[in-house]
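J.: Have a look at this one before I ask anything.
2 protein chains.
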Amino acid sequence: MMELNERAQCLLKALTERYIRDGQPVGSRTLARDAGLKLSPATVRNVIADLEELGLVRSPHTSAGRVPTVQGYRLFVDTLLSVKPLEPEVVDEIRQTLDIEGDSHDLVESASNLLSDVTRLAGVVTLPRREHASLQRVEFLPLSNRKVLAILVISDTEVQNCILNTERDYGAAELQQYSNFLNEHFAGKELKSVRATLIAELKETREHLNRMMATAMTMADKVLGEAEKGSDYVLAGQTNLMDCDELCNVNTLRQLFEAFDEKREILGLLDQCVESEGVQIFIGEESGYQMLDECSLVTAPYSVDGKVVGVLGVIGPTRMAYERVIPIVDATARILSAALNPRD
Amino acid sequence: MMELNERAQCLLKALTERYIRDGQPVGSRTLARDAGLKLSPATVRNVIADLEELGLVRSPHTSAGRVPTVQGYRLFVDTLLSVKPLEPEVVDEIRQTLDIEGDSHDLVESASNLLSDVTRLAGVVTLPRREHASLQRVEFLPLSNRKVLAILVISDTEVQNCILNTERDYGAAELQQYSNFLNEHFAGKELKSVRATLIAELKETREHLNRMMATAMTMADKVLGEAEKGSDYVLAGQTNLMDCDELCNVNTLRQLFEAFDEKREILGLLDQCVESEGVQIFIGEESGYQMLDECSLVTAPYSVDGKVVGVLGVIGPTRMAYERVIPIVDATARILSAALNPRD
DNA sequence: TGTTAGCACTCAATGGCAAGGAGTGCTAAA
DNA sequence: TTTAGCACTCCTTGCCATTGAGTGCTAACA
């Protein structure tokens with residue numbers, strides 16, 4: 118792609134910033150005043166014509182000013198944007214909001230609310246993936262009516278429980294044996310490998326195992342299945358999107374909200390962001406999902422024990438205050454990571 | 118209030134039904150044809166003028182047909198409506214959807230989805246109140262880092278757990294003593310009274326109790342606090358409301374969705390419905406909440422062990438198919454009650 | 001007395017039309 | 001290379017006439 122000279126870059130930057138501020142197509146007169154380049158509107162028009170040629174800006178109609186295209190935003194975000202460092206007060210607010218008691222689900226929920234409150238857009242945070250989490254302990258408790266309560270301790274802050282329907286009642290002592298057996302063999306191992314081992318053993322050696330072992334394994338397998346089942350996310354502040362005039366028509370909103378409810382597509386998109394190192398941005402159609410055509414998504418991954426386990430981000434109109442949203446998302450991801458990592 | 122003669126009632130009924138079907142103000146010509154009363158449009162106009170006098174219908178503007186007012190809907194719903202018995206297929210669908218494994222939260226979620234799917238409106242179901250639930254058992258498990266896992270078994274299908282931050286680490290044996298103590302004294306008692314007793318004992322006799330008892334009680338109190346904390350509801354199918362043309366403007370929708378997110382006000386309204394025996398209906402402003410001015414709410418309470426523990430319902434535009442929604446809500450409440458009641 | 005036909009009237013909705021204004025593209029001069 | 005000037009485009013707004021659905025009233029009718 119042809120290089121833009123400095124003046125053209127400066128004008129694109131000024132135009133984009135102005136448009137993000139006002140939401141109105143920017144004309145040559147305004148831009149000439151705005152950019153601080155001591156140029157006449159006519160000159161500006163010439164430069165802008167070039168930018169239009171390159172597909173960086175476009176006119177909603179003949180006699181209107183210009184508006185950045187997706188490519189324009191992309192260039193702006195990648196090379197023109199000066200990301201201001203975040204005000205310490207905001208960092209403090211994030212820290213305080215995420216310094217709470219509770220399990221990781223509570224944290225994720227707080228983070229999502231936080232993102233939507235601070236940016237006045239929609240916040241989204243995936244629940245941490247548990248594939249690499251390891252099993253700390255399993256316990257079984259007898260209930261009545263042929264039901265058994267299984268408790269899966271994954272970490273100090275992460276417990277999953279699950280009521281199993283069994284074919285008969287079990288006594289406390291018997292269940293204790295099962296959990297002892299499982300804890301001896303599997304405590305400290307990754308959930309994933311525990312499950313794989315269990316399945317293999319169940320298939321291969323069912324006859325050789327005594328009944329107890331088999332039952333224990335079936336139970337454990339059921340519980341692990343629960344614990345591993347599909348990823349999910351927490352969304353907050355959808356209603357903020359109803360304030361954005363570019364999204365403010367019922368049809369656009371419906372498609373968007375239906376996608377939020379459906380979750381599948383949004384999850385697919387968020388999963389893509391797990392790969393990246395830092396902040397990642399999808400502008401408009403770049404996401405490849407039609408309901409996000411008018412939206413941008415700014416994400417950052419967060420991690421536990423040095424492994425990326427989830428993604429958080431902000432969904433808003435393409436015309437969003439990137440220079441503010443980006444550092445917020447970045448900081449929130451870091452602070453959430455810190456909050457999720459066991460300290461002592 | 119003055120009695121309406123039969124003809125007036127019949128016309129109001131026809132008008133309301135027609136308006137619910139088409140969403141267009143109903144004129145005298147249409148109504149004359151529709152009502153099957155062999156009347157001329159002119160006569161119909163006379164009758165309708167009386168209905169308008171009584172505040173049962175109104176004209177959006179001079180040269181338009183008539184539309185029911187809130188009072189009109191109220192009369193329609195209370196005395197004119199012929200509720201069709203539900204088709205067996207629908208009942209079957211409800212039965213099947215609610216015949217699932219899982220705890221009460223899963224059931225409530227299914228019920229909410231079900232209501233929104235079947236009615237194509239928004240479904241709402243409160244979580245069952247636990248005030249009258251009784252404590253079946255408490256268990257404590259040691260975690261590391263001065264944390265203890267507390268498990269509260271409320272019923273065969275209802276377990277609550279909670280990670281407690283304590284001032285020191287506890288051993289398994291020690292914790293076992295605490296839970297034994299609590300189980301001996303409180304198993305089978307109502308959560309509410311357990312909590313009350315605990316608080317009283319903690320205040321009164323802290324010095325007389327040995328340390329262990331005190332700790333156990335503090336822990337149990339914390340857990341019960343968690344288990345009792347504020348009621349909540351599960352909403353489904355909000356996006357269905359975006360299809361209703363009477364709600365189809367961004368401002369109305371935003372207010373509504375913000376209220377859904379906020380939850381407090383909606384919960385207040387739903388709480389009122391716990392009192393009533395059967396199906397209860399709020400039409401438009403009757404609810405007293407401004408964001409529901411354009412909406413109606415149809416609710417029915419559901420119960421466990423003969424005690425009402427929650428409410429479910431449907432939120433939609435005032436112009437909704439009451440004769441269909443009412444039996445659906447009614448049936449769902451009954452079937453949900455049945456599904457929640459422990460069988461054996 | 002209740003019902004009906006006739007008729008003037010009201011008012012939302014629609015589309016055409018003109019005026020106003022913001023902004024462009026082009027050309028020619030500095 | 002930059003700038004001023006100017007014709008041109010096209011959205012926006014407001015106005016007006018037309019259309020059509022439906023009413024309210026009055027007078028005739030059963």
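Here the protein sequences line up with chains A and B, keeping their order.
The numbering of the first sequence is this note's numbering, which starts it at 118 and goes up by one.
The numbering of the second sequence is this note's numbering, which starts it at 118 and goes up by one.
Even glycine gets a Cβ: it sits at the ideal position worked out from N, Cα and C.
What is the DSSP secondary structure of B:Ser413, counted as helix, strand or coil?
T.: The residue labelled residue 413 of chain B in the question sits at position 296 within the second sequence. The answer is strand: DSSP assigns B:Ser413 an E or B state.
J.: Curious, which full-length alpha helix (DSSP H) runs of at least 4 residues does the segment 402 to 458 of chain B contain?
T.: Runs of the alpha helix (DSSP H) inside the segment 402 to 458 of chain B: 439 to 457.
J.: Compare the C-alpha of B:Lys339 against each of B:Ala267, B:Val351, B:Val367, B:Val391 and name the closest.
T.: Position 222 of the second sequence, counting from 1, holds the residue named residue 339 of chain B. Nearest option by C-alpha distance: B:Ala267.
J.: Give the C-beta separation of B:Ala353 and B:Ala239 to the nearest angstrom, bearing in mind that I take them to be a contact with Cβ-Cβ under 8 Å.
T.: On the second sequence, residue 353 of chain B is found 236 positions in, with the first residue counted as 1. On the second sequence, residue 239 of chain B is found 122 positions in, with the first residue counted as 1. Contact flag correct, Cβ pair sits at about 7 Å.
J.: Which residues bound the alpha helix (DSSP H) around A:Ala289?
T.: Indexing the first sequence from 1 puts residue 289 of chain A at position 172. A:Ala289 -> alpha helix (DSSP H) spans 289 to 303.
J.: By alpha-carbon positions, which one of A:Arg263, A:Leu244, A:Pro259, A:Thr274 ends up nearest to A:Gln253?
T.: Start at 1 with the first residue of the first sequence, and residue 253 of chain A comes out as number 136. Closest option to A:Gln253, Cα to Cα, is A:Thr274.
J.: Along chain B, which residues have their Cβ under 9 Å away from the Cβ of A:Gln294?
T.: For the purposes of this step, residue 294 of chain A is taken as residue 177 along the first sequence, with counting starting at 1. None at all; the shortest Cβ gap to chain B is about 16 Å.
J.: Give the C-beta separation of B:Lys130 and B:Phe193 to the nearest angstrom, bearing in mind that I take them to be a contact with Cβ-Cβ under 8 Å.
T.: Mapped onto the second sequence, residue 130 of chain B falls at position 13. Mapped onto the second sequence, residue 193 of chain B falls at position 76. Indeed they touch by this definition, with Cβ atoms about 6 Å apart.
J.: Assuming the contact rule is C-beta atoms closer than 8 Å, B:Leu319 and B:Ala344 should be a hit. Round their C-beta distance to whole Å, please.
T.: The residue labelled residue 319 of chain B in the question sits at position 202 within the second sequence. The residue labelled residue 344 of chain B in the question sits at position 227 within the second sequence. Not really, about 17 Å apart at Cβ, beyond 8 Å.
J.: Tell me the residue span of the alpha helix (DSSP H) that contains A:Asn366.
T.: To locate residue 366 of chain A, count along the first sequence from 1; it is residue 249. A:Asn366 -> no alpha helix (DSSP H), and no H or E assigned at all.
J.: Would you tell me roughly how many angstroms separate the C-alpha atoms of A:Ala228 and A:Pro245, rounded to the nearest one?
T.: For the purposes of this step, residue 228 of chain A is identified with residue 111 of the first sequence, where counting begins at 1. For the purposes of this step, residue 245 of chain A is identified with residue 128 of the first sequence, where counting begins at 1. Each residue's Cα considered, the two are about 12 Å apart.
J.: Which same chain residues end up closer than 8 Å to A:Leu197 when comparing Cβ atoms and leaving out the 5 residues on each side of it in sequence?
T.: Along the first sequence, read from residue 1 onward, the residue named residue 197 of chain A stands at position 80. Gln126, Leu129, Lys130, Thr133.
J.: Okay, do the segment 427 to 434 of chain A and the segment 402 to 413 of chain A touch, 3+ Cβ pairs below 8 Å being the bar?
T.: Contact between the segment 427 to 434 of chain A and the segment 402 to 413 of chain A is present, because at least three Cβ pairs lie under 8 Å.
J.: Could you round the C-beta distance between B:Val161 and B:Leu168 to whole angstroms and report it? I think they count as a contact, below 8 Å.
T.: Taking the second sequence and counting its residues from 1, one reaches residue 161 of chain B at position 44. Taking the second sequence and counting its residues from 1, one reaches residue 168 of chain B at position 51. 10 Å between Cβ atoms; not a contact.
J.: Taking C-beta pairs closer than 8 Å, name the residues in chain A that B:Gln355 reaches, listed in chain order.
T.: Here residue 355 of chain B corresponds to residue number 238 of the second sequence, with the count starting at 1. Phe374, Asp378, listed in chain order.
J.: Compute the distance between the beta-carbons of B:Pro142 and B:Pro185, then report whether it is under 8 Å.
T.: As a first step, residue 142 of chain B is located in the second sequence; it is residue number 25 there, counting from the start. As a first step, residue 185 of chain B is located in the second sequence; it is residue number 68 there, counting from the start. For B:Pro142 and B:Pro185, no; Cβs fall outside 8 Å.
J.: Below 8 Å on the Cβ atoms is my contact criterion, and I expect A:Val367 with A:Thr243 to pass it. Report the Cβ-Cβ distance as a whole number of Å.
T.: By one-based count along the first sequence, residue 367 of chain A stands at place 250. By one-based count along the first sequence, residue 243 of chain A stands at place 126. Contact doesn't hold; Cβ gap of about 28 Å is too wide.
J.: Between which two residues does the beta strand (DSSP E) holding A:Ala81 run?
T.: The requested residue 81 of chain A is not part of the displayed model; chain A covers only 118 to 461.
J.: Where does the unbroken beta strand (DSSP E) through B:Lys239 begin, and where does it stop?
T.: The residue labelled residue 239 of chain B in the question sits at position 122 within the second sequence. Position check: residue 239 of chain B holds Ala in this sequence, whereas Lys was assumed. Segment 239 to 243, the beta strand (DSSP E) holding B:Ala239.
J.: Under the rule that 16 or more other beta-carbon atoms within 10 Å means buried, what is B:Gly482, buried or exposed?
T.: Any property of residue 482 of chain B remains undetermined from this structure, which presents chain B solely from 118 to 461.
J.: Determine the DSSP secondary structure at B:Met118, reduced to helix, strand or coil.
T.: Along the second sequence, one-based indexing puts residue 118 of chain B at 1. Reliability of the predicted coordinates at B:Met118 is poor, the pLDDT of 47 falling under 50, and the value obtained from them is presented with this limitation in mind. DSSP places B:Met118 in coil when its eight states are reduced to three.
J.: Assign A:Leu308 to one of three DSSP states: helix, strand, or coil.
T.: Walking along the first sequence from the start, residue 308 of chain A turns up at place 191. If DSSP states are grouped into helix, strand and coil, A:Leu308 belongs with the helices.
J.: List, in order along the chain, the chain A residues whose C-beta lies closer than 9 Å to that of B:Arg371?
T.: Looking up residue 371 of chain B in the second sequence gives position 254. Chain A residues near B:Arg371: Thr356, Met359, Asp360.
J.: Starting from the beta carbon of A:Asn282, find every residue of chain B whose beta carbon is closer than 7 Å, and list them in chain order.
T.: For this step, residue 282 of chain A is matched to residue 165 along the first sequence. Simply Glu218.
J.: Give me the residue from A:Thr179, A:Lys380, A:Leu299 with the minimum Cα distance to A:Ser348.
T.: Locating residue 348 of chain A in the first sequence gives position 231, counting from the first residue. Of the listed residues, the one whose Cα sits closest to A:Ser348 is A:Lys380.
J.: Along the alpha helix (DSSP H) that carries B:Leu129, what are the first and last residues, could you check?
T.: Position 12 of the second sequence, counted from the start, is the residue given in the question as residue 129 of chain B. It spans 123 to 139 - the alpha helix (DSSP H) in which B:Leu129 sits, taken as one unbroken run.
J.: Whose Cβ in chain A lies nearer than 8 Å to the Cβ of B:Lys346?
T.: Working through the second sequence from its first residue, we reach residue 346 of chain B at position 229. Near B:Lys346 there are no residues of chain A at all, since even the closest Cβ is about 13 Å away, more than 8 Å.
J.: Would you say A:Thr274 reaches chain B, if we count a Cβ-Cβ gap shorter than 8 Å as a contact?
T.: Counting from one through the first sequence, the residue named residue 274 of chain A turns up at place 157. Closer than 8 Å: yes.
J.: Taking A:Gly401 as the reference, give the member of A:Asp139, A:Leu373, A:Thr236 with the closest Cα.
T.: Taking the first residue of the first sequence as position 1, residue 401 of chain A is located at position 284. Ranking the options by Cα distance to A:Gly401, first place goes to A:Leu373.
J.: In the DSSP assignment, what residue or residues form a beta bridge with A:Pro142?
T.: Position 25 of the first sequence, counting from 1, holds the residue named residue 142 of chain A. For A:Pro142, which the question treats as bridged, DSSP gives no partner whatsoever.
J.: Would you please verify whether the beta carbon of B:Cys127 is less than 8 Å from any beta carbon of chain A?
T.: Numbered from its first residue, the second sequence carries residue 127 of chain B at position 10. No - not a single Cβ of chain A is within 8 Å of the one on B:Cys127.
J.: Under 7 Å Cβ-Cβ, which residues of chain A neighbour B:Ser261?
T.: Locating residue 261 of chain B in the second sequence gives position 144, counting from the first residue. Within chain A, the residues near B:Ser261 are Asp273.
J.: Is the Cβ of A:Leu224 closer than 8 Å to any Cβ of chain B?
T.: Along the first sequence, read from residue 1 onward, the residue named residue 224 of chain A stands at position 107. No, because no Cβ of chain B sits closer than 8 Å to the Cβ of A:Leu224.
J.: Taking the C-alpha atoms as reference points, what is the distance between A:Ser145 and A:Ser233?
T.: Counting from 1 along the first sequence, the entry for residue 145 of chain A is found at position 28. Counting from 1 along the first sequence, the entry for residue 233 of chain A is found at position 116. Those two C-alpha atoms are separated by around 35 Å.
J.: Counting only Cβ pairs nearer than 8 Å, list the residues of chain B close to A:Leu258.
T.: Here residue 258 of chain A corresponds to residue number 141 of the first sequence, with the count starting at 1. Chain B residues near A:Leu258: Arg254, Glu256, Ile268, Val270.
J.: Using the Cβ count rule (16 or more neighbours within 10 Å means buried), how would you classify B:Asn278?
T.: Your numbering for residue 278 of chain B matches position 161 in the second sequence. Looking at its Cβ environment, which holds 16 or more other Cβ atoms inside 10 Å, B:Asn278 is buried.
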